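J.: Quick one: the structure is below, questions incoming.
In the numbering used here, the protein residues as written are 23 to 356.
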């Protein structure tokens, strides 16, 4: 079963026209769009149209309506009609998903004994001109167009396939809000791992945007599915305002990743040291393996290692690379 949100078809816009002036033009607007052979669905107090029709609707409303009282959505957030051009201009992301122009980089994760424990798989994207795009603008464009579900799934499956080139554990990010029903949305992840004969326990799925988790029961369903299928999971970006302490206890992750903002400069900053100590104790309480990410200096690495952190990740050891790193140059670090 394929969720409709994983299929990149025409964007469906929901449009609310409120106020006396706008309500008066709805029949004329509907007639105009239908005359151009566009489908228009009227639901309660809004219209549903495809992207091509949305261009016409926007032009019509700018000429005859009160756009200050017109809003639209392609996903969940209702936005003023004046911002619809952002959605139109982000259409390039559709081709990236449809054509699967996704590649993987990886960054090693180091153990206290200096051996490589595994790798985090990081998505990169190929622009039409061949340039490599970083994740942020691509995910922002996908969010604007209601494509987060499709993009996250494509990245997750690409990362699982890339796992066959890696040794050790394989850390893969996922966005909890992009998964509707784990038994359907995550089935393909499980199937690809099985087809490649990669043991599920080698995969650690990282909950990104940890500090923005709103629907805790839904996240628990996702993590329960992963655990049931033999996968492990990590809580990423831990440390923001201590708010993630309760999440650690509630979700019982296999790994806890201390956010880089609490790692950079920790060797010389008492406040950062208190945060690192606090979350190390919380991780130990629930049996989660503590991992410090974003390490760029030898001093921070040695401090956190001495404190009791067991895993480390950052530019000090290696930048993300298209070719998996199999050995760390410890002479350069020391």
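By construction, the Cβ of each residue, glycine as well, lies at the ideal position given by its N, Cα and C atoms.
Note that the structure is predicted; figures quoted are calculated from it, not measured.
1. Is the shortest distance between the beta-carbon of residue 112 and the beta-carbons of chain C less than 7 Å?
2. Expressed to the nearest angstrom, what Euclidean distance is found between the alpha-carbon atoms of residue 170 and residue 269?
3. When DSSP labels each residue in this structure, what does residue 165 get in the three-state scheme?
4. Would the region 247-264 count as touching the region 275-285 if we require 3 or more Cβ pairs under 8 Å?
5. Give me the residue from 309, 341, 352, 296 with the minimum Cα distance to residue 332.
6. Can you list, in chain order, the stretches of the alpha helix (DSSP H) that have 4 or more residues and sit fully within the region 45-94?
7. Going along the chain, which residues of its own chain have a beta-carbon closer than 6 Å to the beta-carbon of residue 350, five neighbours each way excluded?
8. According to DSSP, is residue 24 part of a helix, a strand, or is it coil?
9. Check whether the Cβ atoms of residue 389 and residue 144 sit closer than 7 Å, and answer yes or no.
10. Count the other CB atoms within 10 Å of the CB of residue 80; is the residue buried (16 or more) or exposed (fewer)?
11. Could you compute how far the alpha carbon of residue 118 sits from the alpha carbon of residue 61?
12. Can you tell me whether residue 348 is buried or exposed, with buried defined as 16 or more other CB within 10 angstroms of its CB?
13. Specify, as a first and last residue, the run of the alpha helix (DSSP H) that residue 300 falls within.
14. Sorted by chain position, which residues of the same chain lie with C-beta nearer than 7 Å to residue 177's C-beta, five sequence neighbours on each side aside?
15. When you compare only the Cα positions, how much space is there between residue 34 and residue 304?
16. In this structure, how does DSSP classify residue 274 when only helix, strand and coil are distinguished?
17. For residue 329, I'd like the list of residues in its chain whose CB is within less than 7 Å of its CB, leaving aside the five on either flank, ordered along the chain.
18. Residues in its own chain within less than 8 Å of residue 237 by CB, not counting five upstream and five downstream?
19. Is residue 338 helix, strand or coil by DSSP?
20. Fully enclosed by the region 194-264, which alpha helix (DSSP H) runs are 4 residues long or longer?
21. Would you report the Cα separation of residue 189 and residue 322, rounded to the nearest angstrom?
22. Cutting at 6 Å between CB atoms, please list the residues of its own chain near residue 282, excluding the five before and the five after it.
T.: For this structure:
1. Annotation note: the requested chain C is absent from the structure, which comprises a single protein chain.
2. When rounded, the distance between both Cα atoms is 24 Å.
3. The answer is helix: DSSP assigns residue 165 an H, G or I state.
4. The answer is yes - the region 275-285 touches the region 247-264, with three or more Cβ pairs under 8 Å.
5. The shortest Cα separation from residue 332 among 309, 341, 352, 296 belongs to 309.
6. You should have 73-86.
7. 339.
8. Residue placement at residue 24 cannot be trusted, given a pLDDT of 46 that sits under 50; the coordinates are not used to answer.
9. Because the chain spans 23 through 356 in this model, residue 389 falls outside it and cannot be assessed.
10. Looking at its Cβ environment, which holds 16 or more other Cβ atoms inside 10 Å, residue 80 is buried.
11. Cα-Cα distance, rounded: 27 Å.
12. With fewer than 16 Cβ atoms within 10 Å of its Cβ, residue 348 is classed as exposed.
13. Here the alpha helix (DSSP H) through residue 300 covers 292-308.
14. Excluding sequence neighbours, residue 177 sits near 124, 145.
15. Cα-Cα distance, rounded: 45 Å.
16. In the three-state scheme derived from DSSP, where H, G and I count as helix and E and B as strand, residue 274 is classed as coil.
17. Non-local beta-carbon contacts of residue 329 in its own chain, meaning distances under 7 Å to residues more than five positions away in sequence, involve 298, 299, 302 in chain order.
18. Within the same chain, residue 237 has close Cβ partners 198, 199.
19. It is coil, neither helix nor strand.
20. Taking only runs of at least 4 residues, the alpha helix (DSSP H) segments lying wholly in the region 194-264 are 204-207, 209-217, 238-250.
21. Computed Cα separation, rounded: 26 Å.
22. Counting only Cβ-Cβ distances below 6 Å, and skipping sequence neighbours, we find 315, 316.
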